[in-house]
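Engineer: My structure is below; once you've seen it, I'll send some questions.
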Amino acid sequence: MFDYTQLTYSEKINDLLIYHGSQAKLSDYLEISRQSILKWKENDSSIKEENKLKIDVAFCKAFGFKSIDANEVIRVLTQLNKTDFSYFNIKEEDIVHLISKYSSFGSLEIEEADISEKKFDKVISQNNELINDLNKREIFSINNLSSLSNKIIMDTLNNTEDVFPITTEKIRIWHFILMSGIRADAGKYSTKIRIIPGSEDLHLTDPRDIPEELEYWCFKYKDIETIEDIAKAHAHFEAIHPFGDGNGRLGRIIMAAQCIKIGYIPPLINKKNKALYLVFLKHAQVNSEYGHLSYFLGNSILNMHKKVFKI
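1 is the number of the first residue of the sequence shown in the UniProt record's numbering; add one for each residue after it.
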């Protein structure tokens with residue numbers, strides 16, 4: 001089992017130094033000074049969040065693929081299919097709302113590192129009242145994501161036909177709800193070239209082709225049946241990147257609904273496993289190989305199950 005979160009950053013840096021062969025090569029790869037690497041190797045307490053992510057991503061790229069072989073993928077997917085998720089139903093509102101909260105906070109945590117779970121909980125319980133330590137944009141981000149996640153999850157459980165088949169019209173409505181009060185172009189396709197930070201080499205859909213490509217996406221993935229289908233759909237949706245912002249959050253909400261549709265619960269994707277998510281997502285997009293992303297989703301669903309029941 002590959003769990004990079006159990007290692008200290010000093011340990012990760014030591015392993016990466018061995019992997020890359022020299023301090024100079026690791027410095028160039030991370031775009032971090034040699035002096036900083038030396039300092040963090042001895043004491044990692046001063047590493048900023050953005051540099052922690054760089055180190056985690058580098059570590060997952062270096063060691064994640066070898067550590068998660070075919071046998072590990074089969075083990076996780078077998079465990080997933082043996083797990084009973086029947087408790088996740090419309091009658092168990094407390095469990096549904098708890099999973100919805102974990103799902104939406106985790107998704108926001110990936111994008112907004114400064115928003116703590118305590119602040120998140122405070123906002124969703126205050127009904128749009130201003131909170132001193134958060135600005136309006138952050139409050140909209142929390143409320144919009146929380147309410148949309150809860151709506152789509154409840155709709156999928158109550159009547160899948162309210163959500164599926166997914167259409168471009170539904171996607172645009174969901175994006176409008178998600179980004180209302182945050183962006184003037186909420187619900188509108190991007191007309192500009194988009195670049196994902198850290199994935200500048202990934203070619204996203206040309207703005208002129210977004211309407212046609214998203215129509216094709218809706219047609220291609222209308223009959224989701226397996227975790228691998230969901231992995232393929234998610235990788236494709238994020239590569240289309242149809243909007244100016246909010247694509248990741250919306251893509252993960254759609255993925256949660258797809259998981260529910262085929263009998264699972266939403267995956268737990270958050271700051272803790274962000275690096276592995278980004279690495280396996282990009283690998284799927286660039287190489288059209290979906291085993292590792294499927295493994296990640298299966299493992300993340302099991303992690304959500306464990307978190308809810310404190311296993």
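Ideal Cβ positions, reconstructed from N, Cα and C, are used throughout, including at glycine.
#1: Mind checking whether Ile210 and Phe88 have CB atoms under 7 Å apart?
#2: In whole angstroms, give me the CA-to-CA distance for Lys261 and Ser46.
#3: Kindly give me the distance between the Cβ atoms of His175 and Gly246, rounded to whole angstroms, as I take these residues to be in contact under 8 Å.
#4: Alpha carbon to alpha carbon, how far is Val76 from Glu31? Give it in angstroms, no decimals.
#5: Taking the alpha helix (DSSP H) that His292 belongs to, which residues open and close that run?
#6: So Val286 packs on Leu202, CB below 8 Å; how close in whole Å?
#7: Between the region 167–186 and the region 141–153, do three or more beta carbon pairs fall short of 8 Å?
#8: Within 6 Å: the Cβ of Arg194 and any heavy atom of the ligand ZN?
#9: With C-beta atoms as the reference, is Ala257 less than 7 Å away from Ile152?
#10: Enumerate in chain order the residues of its own chain whose CB-to-CB distance from Lys54 is below 8 Å, with the five nearest sequence positions on each side excluded.
#11: Inspect the CB distances between the region 63–78 and the region 293–305 and report whether three or more fall short of 8 Å.
#12: Ignore the nearest five residues each way along the sequence and tell me which others in Pro242's own chain have a CB closer than 6 Å to its CB.
#13: According to the Cβ coordinates, are Ser149 and Ser104 closer than 7 Å?
#14: To the nearest angstrom, how far is it from the Cα of Ile254 to the Cα of Asn71?
Structural biologist: According to the data block:
#1: At a Cβ-Cβ threshold of 7 Å, Ile210 and Phe88 do not count as neighbours.
#2: The alpha-carbon atoms of Lys261 and Ser46 are separated by roughly 44 Å.
#3: Rounded to the nearest angstrom, the Cβ distance from His175 to Gly246 is 6 Å, consistent with a contact under 8 Å.
#4: Whole-angstrom Cα-Cα distance: 35 Å.
#5: Per DSSP, His292 belongs to the alpha helix (DSSP H) from Gly291 to Phe309.
#6: The Cβ separation is near 7 Å, so the contact holds.
#7: A contact is defined here as three or more CB-CB pairs under 8 Å, and the region 167–186 meets this definition with respect to the region 141–153.
#8: Summarising the ligand content, the structure contains no ligands, and the ligand ZN is consequently not present.
#9: Cβ distance < 7 Å, so Ala257 and Ile152 count as in contact.
#10: The residues are Leu30, Glu31 and Ile32.
#11: Taking 8 Å as the limit for Cβ pairs, the verdict is that the region 293–305 does touch the region 63–78.
#12: Excluding positions up to five away in sequence, the list reads Tyr189, Ile210 and Leu214.
#13: Between Ser149 and Ser104, the CB-CB gap stays under 7 Å.
#14: One alpha carbon belongs to Ile254, the other to Asn71, and they sit about 29 Å apart.
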